[in-house]
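**Student:** Following this message is one structure expressed as structure tokens.
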Amino acid sequence: MKHLTGPLLSFLLLWTCFIIQSFIVHADIPVSCEFPEVYGEWTFQKTETLYNNKVIDSKCSIDQPSLPSHVKLETFIVDLRVPDVALLKSKNGKLKKKGRWTLIFNQGVEIRLDGYKYFAFFNYTQDEKGEVTSNCDRVFVGTYHDDSIGAQRWGCFTAERTRAPTRARQFMKQQKLRDAMKKSSTSSDSILEGQYVRTIPEQASSQYQDMKQYVQAINKLNKWQAAFSHRFQGKSWSDLQLLNGNRVRRSSQLSRSFIQQEMLTSKKRNSQPFEKIRIYNGKTDQYEMVNEEELRKTLPQEFSWDNFHGRSYLTPVRDQKRCGSCYAFGTSEHLGMRVRIQTNLTQQWIYSPQAIVDCSPYSQGCRGGCVYLASKYAQDYGLALEECSPYNITMRSAQTCNITQCPLSKQRRALRTWNYYNVGGYYGGSDELNMMVDIWRNGPLVAGFMVHEDFFYYKSGIYQHIPKEQIAAQWSNASKDLPKFYYINHTLILYGWGIDATTGQQYWLARNSWGDQWGENGNVRILKGVNECGIESDAEAAIPLIL
1 MKHLTGPLLS FLLLWTCFII QSFIVHADIP VSCEFPEVYG EWTFQKTETL YNNKVIDSKC
61 SIDQPSLPSH VKLETFIVDL RVPDVALLKS KNGKLKKKGR WTLIFNQGVE IRLDGYKYFA
121 FFNYTQDEKG EVTSNCDRVF VGTYHDDSIG AQRWGCFTAE RTRAPTRARQ FMKQQKLRDA
181 MKKSSTSSDS ILEGQYVRTI PEQASSQYQD MKQYVQAINK LNKWQAAFSH RFQGKSWSDL
241 QLLNGNRVRR SSQLSRSFIQ QEMLTSKKRN SQPFEKIRIY NGKTDQYEMV NEEELRKTLP
301 QEFSWDNFHG RSYLTPVRDQ KRCGSCYAFG TSEHLGMRVR IQTNLTQQWI YSPQAIVDCS
361 PYSQGCRGGC VYLASKYAQD YGLALEECSP YNITMRSAQT CNITQCPLSK QRRALRTWNY
421 YNVGGYYGGS DELNMMVDIW RNGPLVAGFM VHEDFFYYKS GIYQHIPKEQ IAAQWSNASK
481 DLPKFYYINH TLILYGWGID ATTGQQYWLA RNSWGDQWGE NGNVRILKGV NECGIESDAE
541 AAIPLIL
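Residue numbers (UniProt numbering): 1 to 547.
See below:
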């Protein structure tokens, strides 16, 4: 159990994934659950597959206090193991089937087992004082369906953890002690260590273009080139925070640490060769055991889908404007790029981020979402063409889905995904090598990225975050004039990598969704191999289904 109080609740997470009913977005879900709190044996109850995807959210959602009444329920046991193994067991503990599972950030879980996919958010309660308790040992009413694309057979389920491994309990006990020790010394840049951090926006009404000395100070450090972008002229810092849903998300480091610790123990116990690593293949939905050194030799030192044999497979640079829809653009654009790659540019459709914002039952509209579930939406419902749902920048608390107004011939061009996945195979499994292999084999992917205030001034060069202390040393009034900013999470599309010929620095090639007036014509190079701003922690992608 986790107890969270006060202003912390207003900015817990970015990319949180929410259920909507009749395409209306619900309130934020202030829940936070980590791998060791979920790992273990769960008892499930589910209905029969009585519904289709048009009515399922009115029957099975976070709003429902319990499973539908007067229906037959099936009870079964699932053992969730490290790092992504799900074992279906009989009541007497006998193994029946083996499948896979993953956290969806620290808010939900998906299990693929015995021909079905199960998805639900973790449970939480809130008292009259506003104190929230994350009940990570159970989930709200969730949905499941057969594993076909565009599934029509849906049902409801609930689940509760009935056995927690001793190692998981010990890990969380130790983590609470570490958190208590860090609490008094948390710095503004410690968010990637798993802390929730906010800088109070004392200058939220100040303007982006007011920071001339700030830009000059960055350029004095000669790390990368800063400049004012026309994209943000006239915008206040509070406006800029809306670009990413105005929330901050805890990184996956705690879950990653536990998984790595458990897998290292397993390797030692089973005498597995340490030079062998697992690489996840999104096309086959399987792991490959490979020699890391040999695999790295097969990858080119520089690679770009923007110039592959003299041709670009990228979609045009786009602008999310005043809407926290980076997750929707990341999904629609990386899928569009992968369609171009799979069809050798014979299909160059532009897909609709607005359809995800307005129509996905797994997202929170302009207030955030996640690529994993946006790609699930594409598989379950189909992702419409841009012309069927043109991008609308209006910030709305509720969305209206209007795709059916598009001509039937265009509706039939909606894109489905064959597979959607966390790069590395599960949440917490992403790393530099898995990302390179996935880009090389399948095309651009989407990566989570922690945005600091200096990123808004990026113009060119290899970006790496410059701490405020270094910038402040460049002028006397820094303590007064430095921008005060919420640290927020964002998504970028990674489409390649390279090496600077002068410095030898390695970098990722990334596409932003802030228009072509920002950065290097809408793109940015980011320091590679050191998990800069969490760029190598949480990567996601999907395989489009070409018909």
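Just so it is clear, CB atoms sit at the ideal spot from N, CA and C, and this is done for glycine as well. Small disclaimer: the values here were computed from a predicted structure and weren't measured.
Quick one: grab the DSSP three-state call for residue 147.
**Tutor:** Taking the sequence shown and counting its residues from 1, one reaches residue 147 at position 147. Reduced to three states, the DSSP call for residue 147 is coil.
**Student:** Any idea what DSSP makes of residue 374, helix, strand or coil?
**Tutor:** Here residue 374 is taken as the residue at index 374 of the sequence shown, counted from 1. In this structure, residue 374 counts as helix in the three-state DSSP scheme.
**Student:** Within 10 Å of its beta-carbon, does residue 6 have 16 or more other beta-carbons around it, so buried, or fewer, so exposed?
**Tutor:** Here the question's residue 6 lines up with position 6 in the sequence shown. With a pLDDT of only 40 at residue 6, under the threshold of 50, the placement of this residue in the model should not be trusted; the figure read from the coordinates follows. Exposed, since its Cβ has fewer than 16 Cβ neighbours within 10 Å.
**Student:** Using the three-state DSSP reduction, which class does residue 334 fall into: helix, strand or coil?
**Tutor:** Here residue 334 corresponds to residue number 334 of the sequence shown, with the count starting at 1. Note: residue 334 maps to helix in three-state DSSP.
**Student:** Am I right that residue 64 and residue 132 are in contact with their C-beta atoms under 8 Å? What's the rounded C-beta distance?
**Tutor:** The count along the sequence shown starts at 1 and reaches residue 64 at position 64. The count along the sequence shown starts at 1 and reaches residue 132 at position 132. Their Cβ separation, rounded to whole angstroms, is 20 Å, which puts residue 64 and residue 132 out of contact at 8 Å.
**Student:** Give me the Cβ distance between residue 422 and residue 372, rounded to the nearest whole Å; I'm assuming they're in contact under 8 Å.
**Tutor:** Against the sequence shown, residue 422 aligns to sequence position 422. Against the sequence shown, residue 372 aligns to sequence position 372. The Cβ separation is near 7 Å, so the contact holds.
**Student:** Starting from residue 409, trace the alpha helix (DSSP H) both ways and give me its first and last residue.
**Tutor:** Here residue 409 refers to the residue found at position 409 when the sequence shown is read from its first residue. Note, residue 409: alpha helix (DSSP H), 408 to 411.
**Student:** Does the contact criterion of 3 or more C-beta pairs under 8 Å hold for the segment 290 to 306 versus the segment 217 to 236?
**Tutor:** Taking a cut-off of 8 Å on C-beta distances, the segment 290 to 306 does not touch the segment 217 to 236, as fewer than three cross pairs fall below it.
**Student:** In angstroms with no decimal places, state the Cα-to-Cα distance between residue 437 and residue 127.
**Tutor:** As a position in the sequence shown, residue 437 is number 437, starting the count at 1. As a position in the sequence shown, residue 127 is number 127, starting the count at 1. Straight-line Cα distance between these residues: approximately 47 Å.
**Student:** Nearest to residue 310 by CA position, among 111, 241, 96 and 345, is which residue?
**Tutor:** Reading the sequence shown from its first residue, position 310 is the one you call residue 310. Among 111, 241, 96 and 345, the Cα nearest to that of residue 310 is on 345.
**Student:** Which of helix, strand or coil does DSSP assign to residue 535?
**Tutor:** For the purposes of this step, residue 535 is taken as the residue at position 535 of the sequence shown. The answer is coil: DSSP assigns residue 535 none of H, G, I, E or B.
**Student:** Can you tell me whether residue 354 is buried or exposed? The criterion is at least 16 other CB atoms within 10 Å of its CB, across all chains shown.
**Tutor:** Position 354 of the sequence shown holds residue 354. The residue in question, residue 354, is buried, as its Cβ has 16 or more Cβ neighbours within 10 Å.
**Student:** Assuming residue 156 contacts residue 54 (C-beta within less than 8 Å), just tell me the rounded distance between them.
**Tutor:** Walking along the sequence shown from the start, residue 156 turns up at place 156. Walking along the sequence shown from the start, residue 54 turns up at place 54. With a Cβ gap of about 15 Å, residue 156 and residue 54 do not count as contacting.
**Student:** Would you identify the three-state DSSP class for residue 44, choosing helix, strand or coil?
**Tutor:** In the sequence shown, counting from the first residue as 1, residue 44 sits at position 44. Looking at residue 44 - three-state DSSP - the assignment turns out to be strand.
**Student:** I need the DSSP call for residue 62, collapsed to helix, strand or coil.
**Tutor:** For the purposes of this step, residue 62 is identified with residue 62 of the sequence shown, where counting begins at 1. In this structure, residue 62 counts as coil in the three-state DSSP scheme.
**Student:** Using 8 Å as the threshold, is the C-beta distance between residue 149 and residue 347 below it?
**Tutor:** Within the sequence shown, residue 149 is the residue found at index 149, counting from 1. Within the sequence shown, residue 347 is the residue found at index 347, counting from 1. Cβ atoms of residue 149 and residue 347: not closer than 8 Å.
**Student:** Please name the residue in 152, 138 and 137 whose C-alpha comes closest to that of residue 144.
**Tutor:** Here the question's residue 144 lines up with position 144 in the sequence shown. The candidate whose alpha carbon is nearest that of residue 144 is 152.
**Student:** Using CA atoms only, rank isn't needed, just tell me which of 210, 107, 533 and 425 is closest to residue 259.
**Tutor:** As a first step, residue 259 must be located in the sequence shown, where it is residue number 259. Ranking 210, 107, 533 and 425 by CA distance to the CA of residue 259 puts 425 first.
**Student:** So what's residue 39 in DSSP terms, helix, strand or just coil?
**Tutor:** On the sequence shown, position 39 is the one that residue 39 refers to. Three-state DSSP puts residue 39 in coil, outside helix and strand.
**Student:** Measure from the alpha carbon of residue 330 to the alpha carbon of each residue in 322, 356, 517 and 349, then state which is nearest.
**Tutor:** Sequence index remark: in the sequence shown, residue 330 carries index 330 (1-based). Check the Cα spacing between residue 330 and each of 322, 356, 517 and 349: the tightest is with 356.
**Student:** Does the Cβ-Cβ distance between residue 496 and residue 439 come in under 8 Å?
**Tutor:** Indexing the sequence shown from 1 puts residue 496 at position 496. Indexing the sequence shown from 1 puts residue 439 at position 439. For residue 496 and residue 439, yes; Cβs fall inside 8 Å.
**Student:** Near residue 34, which residues of its chain fall below 7 Å by C-beta distance, leaving aside the five closest residues on each side in sequence?
**Tutor:** One-based indexing of the sequence shown puts residue 34 at position 34. Answer for residue 34: 106, 254 and 255, listed in chain order.
**Student:** Would you call residue 417 buried or exposed, if buried means 16 or more other Cβ atoms sit within 10 Å of its Cβ?
**Tutor:** Stepping through the sequence shown from its first residue, residue 417 is reached at position 417. Its Cβ being crowded by 16 or more others within 10 Å, residue 417 is buried.
**Student:** If you follow the alpha helix (DSSP H) that residue 548 is part of, which residue opens it and which one closes it?
**Tutor:** The shown model of the chain, from 1 to 547, leaves out residue 548, and the question about it has no answer.
**Student:** Measure the C-alpha to C-alpha separation of residue 40 and residue 240 and round it to an integer number of angstroms.
**Tutor:** Residue numbering aside, residue 40 sits at position 40 when the sequence shown is read from its first letter. Residue numbering aside, residue 240 sits at position 240 when the sequence shown is read from its first letter. In this structure, the straight-line span from the alpha carbon of residue 40 to that of residue 240 is close to 41 Å.
**Student:** Give the DSSP-derived three-state secondary structure of residue 307 in the structure shown.
**Tutor:** Locating residue 307 in the sequence shown gives position 307, where the first residue counts as 1. Correct three-state label for residue 307: coil.
**Student:** Excluding five sequence neighbours on each side, which residues of the same chain lie with their C-beta closer than 6 Å to the C-beta of residue 317?
**Tutor:** For this step, residue 317 is matched to residue 317 along the sequence shown. Closer than 6 Å at Cβ, skipping near neighbours: 516 and 522.
**Student:** I need the DSSP call for residue 201, collapsed to helix, strand or coil.
**Tutor:** In the sequence shown, residue 201 corresponds to position 201, counting from 1. With a pLDDT of 43 at residue 201, under the threshold of 50, the modelled position of that residue is not reliable, and the figure given next carries that caveat. Residue 201 falls in the coil class under three-state DSSP.
**Student:** Assign residue 550 to one of two classes, buried (16 or more other C-beta atoms within 10 Å of its C-beta) or exposed (fewer than that).
**Tutor:** Since the first residue of the chain shown is 1 and the last is 547, residue 550 is not available in this structure.
**Student:** Please work out which residues of its chain come closer than 8 Å, Cβ to Cβ, to residue 433, disregarding the five sequence neighbours upstream and downstream, and give them in chain order.
**Tutor:** On the sequence shown, residue 433 is found 433 positions in, with the first residue counted as 1. Closer than 8 Å at Cβ, skipping near neighbours: 277, 279, 292, 295 and 296.
**Student:** Can you tell me where the alpha helix (DSSP H) with residue 294 in it begins and where it stops?
**Tutor:** The residue you call residue 294 lines up with position 294 of the sequence shown. That run of the alpha helix (DSSP H) goes 292 to 298.
**Student:** For the candidate residues 415, 392, 387 and 367, whose alpha-carbon lies nearest to that of residue 405?
**Tutor:** Residue 405 sits at position 405 when you count from the first residue of the sequence shown. Residue 405 has its Cα closest to that of 387, out of 415, 392, 387 and 367.
**Student:** So, at 6 Å on beta carbons, what are the nonlocal neighbours of residue 530 in its own chain, with the 5 sequence-adjacent residues on each side left out?
**Tutor:** Here residue 530 refers to the residue found at position 530 when the sequence shown is read from its first residue. So no residue of the chain qualifies.
**Student:** Taking the straight line between their C-alpha atoms, what separation do you get for residue 87 and residue 112?
**Tutor:** By one-based count along the sequence shown, residue 87 stands at place 87. By one-based count along the sequence shown, residue 112 stands at place 112. Between residue 87 and residue 112, the C-alpha separation is close to 10 Å.
**Student:** Alpha carbon to alpha carbon, how far is residue 81 from residue 540? Give it in angstroms, no decimals.
**Tutor:** Taking the first residue of the sequence shown as position 1, residue 540 is located at position 540. Taking the first residue of the sequence shown as position 1, residue 81 is located at position 81. If you draw a straight line from the Cα of residue 540 to the Cα of residue 81, it is about 21 Å long.
**Student:** Take residue 327 as the anchor and find which of 51, 448 and 227 has the nearest alpha-carbon.
**Tutor:** Sequence index remark: in the sequence shown, residue 327 carries index 327 (1-based). The candidate whose alpha carbon is nearest that of residue 327 is 448.
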